[in-house]
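Numbering (the numbering used here), first residue to last: 130 to 771.
Right, one structure below, let's go through it.
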Amino acid sequence: MIVPAVMIVAISCQSPRDTPESAIGSSAAGGDSVAIHARNRWVADVDSFMLTLSRLDTAVQRVSTAPASAEEARLRFRAARLAFKRVEFIASYYEPSTTASLNGPPLPRVEYQEGPEVVFPPEGLQVIEEWLFTGADTARREQSVNEVRNTFALARRLRTATAAQIVTDNRVWDAASLEVARVVTLGITGFDSPVAQHSLPEAAAALRGTHQALLAYTGELSARVPGAASTLDAAFTGAIAALDSSKSFADFDRLAFIVAYANPLARAIQEGRKTLRLTPPEDRRAFRSTASTLFDQDAIDPQAFAHPQNTVDSPGQVALGRELFFDARLSGDGVQSCASCHDPSRAFTDGVTRSASRVSADAATMRNTPTVINAGLQNGLFYDLRTMFLEDQVDVVLSSRNEMHSSAAQVATRFSSDSQYVQLFRDAFPTRKDSAISPQSVRTAIAAYVRSLTAMNTPVDRALRGDSTALDASEKRGFNLYAGRAKCASCHFLPLFNGSVPPTYRSTDVEVLGVPSRPVTHNARIDGDSGRIRVTRSAPHLFAFKTPGLRNVALTAPYMHNGVYRTLEEVVDFYNRGGGTGIGIALGNQTLPFDSLGLTAAEQRDIVSFLRALTDTVGTTARPALRPSLSQLSANGAALRP
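Here it is, written out as structure tokens:
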């Protein structure tokens, strides 16, 4: 049994609602005075979490073949995770690494800096959940007891860090804003309760913990704007009540919850911050700290995904990048442009399984051509995540023998004698003057253009912002399946609908799905492309591929990294069967849940309808004003491919 080393921290007897006005923003040892008051409550909540883990330890030790013993352990587990959720918002903000260990996905973790052989086993609450809620096999009981104790040690580490943390008012409110986004993107979608499906009560607990912390600011809010505190209180109360009153995980109307409760709560938190005159943290991140909700049209900052040297994409850089993207002189033989494979009329894809190779007419590139619309909203590029930034991807594509068979240096040299391009480069990089045309400028300009191809105003986006007419009944049902029982949103995360992990979007996921070489449903064989393991040489990454974006997916067939599926219906059927496992492919490392989703034919049609509503290419398909004429290219012995 765990003997909890719990130190109960004295909490001020002063009610949070009686916090003096002068306390806001006033400094004390450890941070701002009111924030410290809230921190002390978090320490007490971590103590409570540790106590629930101690009780879980006892219950897990008693698990036997008797059903009642396992059920008692499950009840203790639910209590432990509810206790964790009450501190999640501040733990995730100040101690993200420890929090990820406590409640991250139950998958092996590869430490790239340590070498491909350094793979850490999964740990934390989700590992315990998987055992408890899939039969609680007594053969694994001791292993599970050890995992509970490891989780307790992580909780103790969290307590130590929390007690010593320097906290400030503006970051407390920033953490609250991020927690609402976390609840919407990970909580109600079942991301961290995949087996127990206890997500909705846990989401309510997360909001309760956040609400409790912000109650410390009630007096100041009321003093500055009468009614401000009650507005915030009502927003929290309404959202929590909606979660508490849900009938089941499967039946929960997530679209209605986001529009009617989560978005108003997010706005109320931002208004509260403004009322207190708290400046948002200046840290650059994808979900802007100044955005009211995660679904605002300008909530996501594409520049947060850019190379650190490129802090701003100027209009001149975007214009130059557009010209370069469509210019066949980027390729070594002057025949192929970026647009040859990324055709604007096809949402910047080419409609074929794999593009033709530049080396041989009988060969093809290794993988299917993805869209570049919203490609800038990722932390890794290519299906195997071999590069982190668009700027690096440009280099790889230019130098690839199967693609452009050129280089950024060759492109810079080639265009240095073109007076029109010389002027474009100088306009794009005015401070570089005579050195404006350089390999770095080529990379920067093309990356800037691709980042400008961001389109976030689909019917789905408009519905999430409150337009009740944006989606029809089938599309709404499809969204609720996507974000709920079908588990799509636990990999293709809202609102980007790609593998960038919310709410900070600092990493992009890879998954092992078991994609077949042919579109068969029985006795299938795995596609021969080994995936990310080519980059990392780490065993968990065998057949692992980046989770792609689903925006404009109706326009980008065929699908999967190898283009094996021609229709969205085929793709949904593949997932419904449990991925590769469901069609006869046995992989020891498949990360997609093996079991069938059990979707009816009508439900699958609803999901496809929803996916088709993720279409928006407005403002992305304009071709450049300046392109070399066919006669110019012919004079150089080349022809322009459309």
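Beta carbons: idealized from backbone N, C-alpha and C, even for Gly.
Cα-Cα separation, residue i to residue j
| i | j | result |
| --- | --- | --- |
| residue 525 | residue 237 | 29 Å |
| residue 443 | residue 576 | 11 Å |
| residue 215 | residue 265 | 26 Å |
| residue 179 | residue 613 | 30 Å |
| residue 415 | residue 428 | 8 Å |
| residue 632 | residue 311 | 6 Å |
| residue 121 | residue 277 | There is simply no residue 121 to check, as the chain begins at 130 and stops at 771 in what is shown. |
| residue 656 | residue 643 | 8 Å |
| residue 172 | residue 227 | 15 Å |
| residue 340 | residue 534 | 57 Å |
| residue 318 | residue 593 | 15 Å |
| residue 474 | residue 424 | 27 Å |
| residue 570 | residue 546 | 16 Å |
| residue 752 | residue 641 | 37 Å |
| residue 150 | residue 188 | Confidence at residue 150 is low in this model, with a pLDDT of 37, below 50, so the placement of that residue should be treated as unreliable; the coordinate-derived value is given next. The straight-line gap from Cα to Cα measures roughly 46 Å. |
| residue 683 | residue 175 | 46 Å |
| residue 568 | residue 617 | 40 Å |
| residue 385 | residue 417 | 24 Å |
| residue 543 | residue 501 | 25 Å |
| residue 371 | residue 383 | 10 Å |
| residue 748 | residue 581 | 9 Å |
| residue 622 | residue 636 | 12 Å |
| residue 726 | residue 333 | 25 Å |
| residue 402 | residue 302 | 6 Å |
| residue 342 | residue 220 | 13 Å |
| residue 472 | residue 206 | 52 Å |
| residue 530 | residue 678 | 26 Å |
Distance CB(residue i)-CB(residue j) smaller than 8 Å
| i | j | result |
| --- | --- | --- |
| residue 737 | residue 697 | yes |
| residue 254 | residue 199 | no |
| residue 296 | residue 165 | yes |
| residue 308 | residue 218 | yes |
| residue 566 | residue 589 | no |
| residue 579 | residue 345 | no |
| residue 507 | residue 516 | no |
| residue 693 | residue 645 | yes |
| residue 664 | residue 527 | no |
| residue 586 | residue 745 | yes |
| residue 336 | residue 387 | no |
| residue 235 | residue 256 | yes |
Per DSSP, cross-strand counterpart(s) of residue i
| i | result |
| --- | --- |
| residue 640 | 674 |
| residue 655 | 645 |
| residue 516 | 510 |
| residue 472 | 478 |
| residue 248 | 239 |
| residue 629 | 637 |
| residue 660 | 673 |
| residue 622 | 627 |
Cβ neighbour criterion (16 or more within 10 Å) applied to residue i
| i | result |
| --- | --- |
| residue 239 | buried |
| residue 374 | exposed |
| residue 376 | exposed |
| residue 690 | buried |
| residue 518 | buried |
| residue 660 | buried |
| residue 241 | exposed |
| residue 194 | exposed |
| residue 426 | exposed |
| residue 249 | exposed |
| residue 670 | buried |
| residue 328 | buried |
| residue 497 | buried |
| residue 476 | buried |
| residue 268 | exposed |
| residue 331 | buried |
| residue 628 | buried |
| residue 601 | exposed |
| residue 651 | exposed |
| residue 380 | exposed |
| residue 359 | exposed |
| residue 300 | buried |
| residue 559 | exposed |
| residue 549 | exposed |
Alpha helix (DSSP H) runs contained entirely in the region 676-734, provided each spans 4 or more residues: As far as the region 676-734 is concerned, its whole alpha helix (DSSP H) runs of at least 4 residues are 697-705.
Taking only runs that begin and end inside the region 190-237, name each unbroken alpha helix (DSSP H) of 4 or more residues, in chain order. Qualifying alpha helix (DSSP H) stretches, in chain order: 196-223 and 225-232.
Continuous alpha helix (DSSP H) assignments of at least 4 residues falling wholly in the region 414-458: You should have 444-454.
At 4 residues or longer, and completely inside the region 297-369: list those alpha helix (DSSP H) runs for me, N to C. Runs of the alpha helix (DSSP H) lying entirely within the region 297-369, each at least 4 residues long, are 298-311, 328-343 and 347-353 in chain order.
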